[in-house]
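Colleague: Okay, so the sequence shown: first residue is 2 according to our numbering, each after it adds one. Backbone N, C-alpha and C define an ideal beta-carbon position, used for all residues, glycine too. Every value quoted in this text rests on a predicted model; they were computed, and no experiment measured them.
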Amino acid sequence: MSSTAAETPMKVLVYSDDANTRAQIRLAIGRRPAADLPPVEYVEIATQPAVVARLDEGDIDVAVVDGEAQPAGGLGVCRQAKDEVYDCPPMLAIIARRDDGWLATWSRADAVTALPLDPMAVARSVADLLRHRAANKLPVL
């Protein structure tokens, strides 16, 4: 990664209707989830229509969705994005119960973690997804 690219922040969308959940996710990821990656810039969103509109802009590198969000759960939002968004960014789904893993599979989330959040696991998952995005991002149409 060039020094110029290393200084350009990568954008992480965090979707939850709960401001405390969004804050927990931000804190778990931190400002730089891995030393080999640039810092991250957060885009916090509380509604499903805003997620779709923001993803359509095409500059999000990773999305983290709260499976317990209301009224539109993060897993449904993830599935919709995977179906409808050109070059959809990788998505990390946060689920409340490990038994909901099958729903995360249905949603086509690229990674899954369960509550309570393990900051090391969340940062590692986001870092892996950011690396994948950097290597596989499609050109803008």
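1. The beta strand (DSSP E) with Thr114 in it runs from where to where?
2. Consult DSSP for Glu42 and reduce its assignment to one of helix, strand or coil.
3. Name the residue from Tyr87, Ile26 and Asn21 whose alpha carbon lies nearest to the alpha carbon of Asp119.
4. Assuming Ile61 contacts Val78 (C-beta within less than 8 Å), just tell me the rounded distance between them.
5. Apply the 10 Å Cβ neighbour rule to Val141 and answer buried if 16 or more other Cβ atoms are within range, or exposed otherwise.
6. Does Thr9 pass the burial test, meaning 16 or more other C-beta atoms within 10 Å, or should it be called exposed?
7. If you drop the 5 nearest sequence neighbours on each side, which residues of the same chain put their C-beta closer than 6 Å to that of Ala64?
8. In whole angstroms, give me the CA-to-CA distance for Met121 and Glu85.
9. With DSSP as the reference, label Lys12 as helix, strand or coil.
10. Cα separation between Ile96 and Ala128?
Modeller: According to the data block:
1. Ala112 to Ala115
2. strand
3. Ile26
4. That pair is no contact at about 13 Å.
5. exposed
6. exposed
7. Leu14, Pro90 and Met92
8. 31 Å
9. strand
10. 19 Å
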